[in-house]
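Engineer: If you use our numbering, the sequence shown closes out at 369, no skipped numbers anywhere.
Cβ coordinates follow ideal geometry from the N, Cα and C atoms, glycine included.
Bear in mind that the values here come from a model prediction, so they are computed numbers and not experimental data.
Quick one: structure below, then a few questions.
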Amino acid sequence: RIPDWCTEPVRASLGELSAPSAVTVNELPPGGLSHEYELEREWSAGDVLTIDFPMTPRRIYADAKVEADVGRVAIARGPLIYCFEAVDNNGSARNLVLPKSAELKAEWQPGLLGGTMVVRAKGAAVSLDDRRKRSAKPVELVAIPYCLWNNRPGEGAAGEMVVWLPESEALAEISGQGLRVEQHGVELSASHCWSGDTLLALNDGRVPASSSADSIPRTTFWDHRGSAEWVQMDFAEKRKFTKARVYWFDDTGKGSCRVPESWRLSWKDGADWKPVKLAADSSYSVAKDNFILVAFDPLESTALRLEIQLQKEFSAGVLEWTVE
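Below you can see the structure in the form of structure tokens.
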């Protein structure tokens, strides 16, 4: 049987046999591989059949309906999925980019994790320059089998790990000074975001069915509990704002995220942050399963921030945040 992951011609040979000395199955027509074939001969003691299943590293793309993975790619070799750990990639993983043109090379590392095959590629790491502009520098990316990740205590075991890497710099998430990423012309940042979530969820236009929705991307502060956190939108130019909507994430019964204890909306005035002046009929509600709308006196700014106080012993999250 030829496994589905084997997309190259399979080579089979019988070596060092008396008669016949070799059998090859090597010239199958392109695209005509059968998933089953038979080899008939008179078998003798000591016969050895060797089948070579090529395992060249390959790219995998998600179905287009999986919106969280649009523009992203995963790496596989043979039956194994690979991942990128911060410890192998200069201390971070969420800011890495794997261009479509990058060649994937497998390399045996006998001293790594008891001996394993890594995959290397020429990619990029995105960061912020002195003017807070996104910039990318060439780096060599290193991926290990997903089944081996988080097995190096003391060497960044709590670091970032990603499976789906963006193929463009715009989708890379930047670590340091809070995470940062750009989407729809807006720079998104946060005090913290769990490695399994994404800041891109803040303004991706996905309307949740409920606060416990776990089928769409989200931004959570896990594993921070009871702390003061924030998420922020920065705009290239001053804009006028009058309203904001927030949809909280709360996985009561399944996890440790709850609606926050309290929150407020602030705007940037020069180098200072100031709370907005709420309209008489608005309040900072923490209700679940709906958008919370707050209206406020019109203001002009280049940045808005949600300042969030988590409940004691609990974390929190945001499913969607929009401003008008």
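With distance defined between alpha-carbon atoms, name the residue in Leu310, Gly300 and Val304 nearest to arginine 290.
Structural biologist: The residue labelled residue 290 in the question sits at position 245 within the sequence shown. Comparing Cα positions, the closest option is Leu310.
Engineer: Beta-carbon separation of proline 183 and alanine 169 under 9 Å?
Structural biologist: On the sequence shown, residue 183 is found 138 positions in, with the first residue counted as 1. On the sequence shown, residue 169 is found 124 positions in, with the first residue counted as 1. Contact flag set, yes.
Engineer: Keeping to the same chain, check which residues put their C-beta closer than 7 Å to that of threonine 101; ignore five residues upstream and five downstream.
Structural biologist: The residue given as residue 101 occupies position 56 in the sequence shown. If we look at threonine 101 and ignore the five residues flanking it on each side, its Cβ neighbours are Glu53.
Engineer: Taking the beta strand (DSSP E) that glycine 212 belongs to, which residues open and close that run?
Structural biologist: The residue given as residue 212 occupies position 167 in the sequence shown. This sequence places glutamate at residue 212; glycine is not what is there. Unbroken run through glutamate 212: none, as it is neither H nor E.
Engineer: Which term fits valine 321, buried or exposed, when burial requires 16 or more other beta carbons within 10 angstroms of its beta carbon?
Structural biologist: On the sequence shown, residue 321 is found 276 positions in, with the first residue counted as 1. Under this definition valine 321 is a buried residue.
Engineer: Helix or strand or just coil, what does DSSP make of alanine 235?
Structural biologist: Counted from its first residue, the sequence shown places residue 235 at position 190. Of the three classes helix, strand and coil, the one that applies to alanine 235 here is strand, per DSSP.
Engineer: Measure the CB-CB distance between alanine 188 and alanine 166 and report whether it falls below 9 Å.
Structural biologist: Looking up residue 188 in the sequence shown gives position 143. Looking up residue 166 in the sequence shown gives position 121. Yes, these two residues count as a Cβ contact at 9 Å.
Engineer: So, with DSSP's three-state summary, where would you put glutamate 112?
Structural biologist: Numbered from its first residue, the sequence shown carries residue 112 at position 67. Glutamate 112 falls in the helix class under three-state DSSP.
Engineer: Less than 9 Å separating the beta-carbons of isoleucine 337 and tryptophan 293?
Structural biologist: For the purposes of this step, residue 337 is taken as the residue at position 292 of the sequence shown. For the purposes of this step, residue 293 is taken as the residue at position 248 of the sequence shown. The answer is yes: Cβ separation under 9 Å.
Engineer: Phenylalanine 280 to glycine 159, Cα distance in whole Å?
Structural biologist: Your numbering for residue 280 matches position 235 in the sequence shown. Your numbering for residue 159 matches position 114 in the sequence shown. The alpha-carbon atoms of phenylalanine 280 and glycine 159 are separated by roughly 48 Å.
Engineer: Is the beta carbon of glutamate 212 closer than 9 Å to that of arginine 139?
Structural biologist: Counting from 1 along the sequence shown, the entry for residue 139 is found at position 94. Counting from 1 along the sequence shown, the entry for residue 212 is found at position 167. For arginine 139 and glutamate 212, no; Cβs fall outside 9 Å.
Engineer: Glutamate 185 bridges to which residues according to DSSP?
Structural biologist: Taking the first residue of the sequence shown as 1, we reach residue 185 at position 140. According to DSSP, glutamate 185 bridges with Lys167.
Engineer: Consult DSSP for valine 9 and reduce its assignment to one of helix, strand or coil.
Structural biologist: Because the chain here runs from 46 to 369, residue 9 falls outside it and cannot be looked at.
Engineer: Express the C-alpha separation of serine 257 and aspartate 295 in angstroms, rounding to a whole number.
Structural biologist: Indexing the sequence shown from 1 puts residue 295 at position 250. Indexing the sequence shown from 1 puts residue 257 at position 212. Spanning the two alpha carbons is a distance of roughly 5 Å.
Engineer: Can you tell me whether cysteine 192 is buried or exposed? The criterion is at least 16 other CB atoms within 10 Å of its CB, across all chains shown.
Structural biologist: What you label residue 192 is simply residue 147 of the sequence shown in a count that begins at 1. Answer is exposed; the Cβ neighbour count stays below 16.
Engineer: According to the neighbour-count rule (16 or more other Cβ atoms, all chains shown, within 10 Å of its Cβ), is arginine 104 buried or exposed?
Structural biologist: Here the question's residue 104 lines up with position 59 in the sequence shown. Arginine 104 comes out exposed.
Engineer: In or out: serine 328 buried (at least 16 other Cβ within 10 Å) or exposed?
Structural biologist: To locate residue 328, count along the sequence shown from 1; it is residue 283. Answer is exposed; the Cβ neighbour count stays below 16.
Engineer: List the residues that DSSP assigns as beta-bridge partners of glycine 156.
Structural biologist: For this step, residue 156 is matched to residue 111 along the sequence shown. BP columns for glycine 156 are empty, so no partner.
Engineer: Is it buried or exposed, aspartate 314, if we count other Cβ atoms within 10 angstroms and call 16 or more buried?
Structural biologist: Your numbering for residue 314 matches position 269 in the sequence shown. It is exposed - the Cβ of aspartate 314 has fewer than 16 other Cβ atoms within 10 Å.
Engineer: Spell out the partners DSSP gives serine 256 in its beta bridges.
Structural biologist: Numbered from its first residue, the sequence shown carries residue 256 at position 211. Bridge partners of serine 256: none, in fact.
Engineer: Which residues does DSSP pair with glycine 362 in a beta bridge?
Structural biologist: By 1-based counting over the sequence shown, the position of residue 362 is 317. Answer is Thr265 and Phe294, bridged to glycine 362.
Engineer: Since glutamine 228 and arginine 303 are thought to touch, with beta carbons under 8 Å apart, how far apart are those beta carbons, to the nearest angstrom?
Structural biologist: Your numbering for residue 228 matches position 183 in the sequence shown. Your numbering for residue 303 matches position 258 in the sequence shown. Not confirmed; about 26 Å, so no contact.
Engineer: Considering just the uninterrupted stretch of the beta strand (DSSP E) at tryptophan 312, what are its terminal residues?
Structural biologist: Within the sequence shown, numbered from 1, the residue matching residue 312 stands at position 267. From DSSP, the beta strand (DSSP E) with tryptophan 312 extends over 307 to 314.
Engineer: Just confirm the distance between the C-beta atoms of leucine 247 and leucine 224, as a whole number of angstroms; I'd bet it's less than 8 Å.
Structural biologist: Within the sequence shown, numbered from 1, the residue matching residue 247 stands at position 202. Within the sequence shown, numbered from 1, the residue matching residue 224 stands at position 179. The pair is not a contact, with the Cβ atoms about 11 Å apart (cut-off 8 Å).
Engineer: Please state if the CB of glutamate 282 and the CB of threonine 347 are separated by a distance shorter than 9 Å.
Structural biologist: Numbered from 1 along the sequence shown, position 302 holds the residue referred to as residue 347. Numbered from 1 along the sequence shown, position 237 holds the residue referred to as residue 282. In this structure, glutamate 282 lies closer than 9 Å to threonine 347 by Cβ.
Engineer: Can you list, in chain order, the residues of its chain whose CB lies under 6 Å from that of tryptophan 318, leaving out five sequence neighbours each side?
Structural biologist: For the purposes of this step, residue 318 is taken as the residue at position 273 of the sequence shown. Ser311, listed in sequence order.
Engineer: Compare the Cα-Cα distances from valine 171 to each of Cys128, Asn134, Arg251 and Leu157 and report the closest residue.
Structural biologist: Residue mapping note: residue 171 aligns to position 126 of the sequence shown, counting from 1. The candidate whose alpha carbon is nearest that of valine 171 is Asn134.
Engineer: DSSP on valine 42, reduced to helix/strand/coil?
Structural biologist: No answer is possible for residue 42: it lies beyond the span of the chain, which begins at 46 and ends at 369.
Engineer: Just how far apart, CA to CA, sit alanine 254 and isoleucine 126?
Structural biologist: Numbered from its first residue, the sequence shown carries residue 254 at position 209. Numbered from its first residue, the sequence shown carries residue 126 at position 81. Cα to Cα, the separation comes out at about 31 Å.
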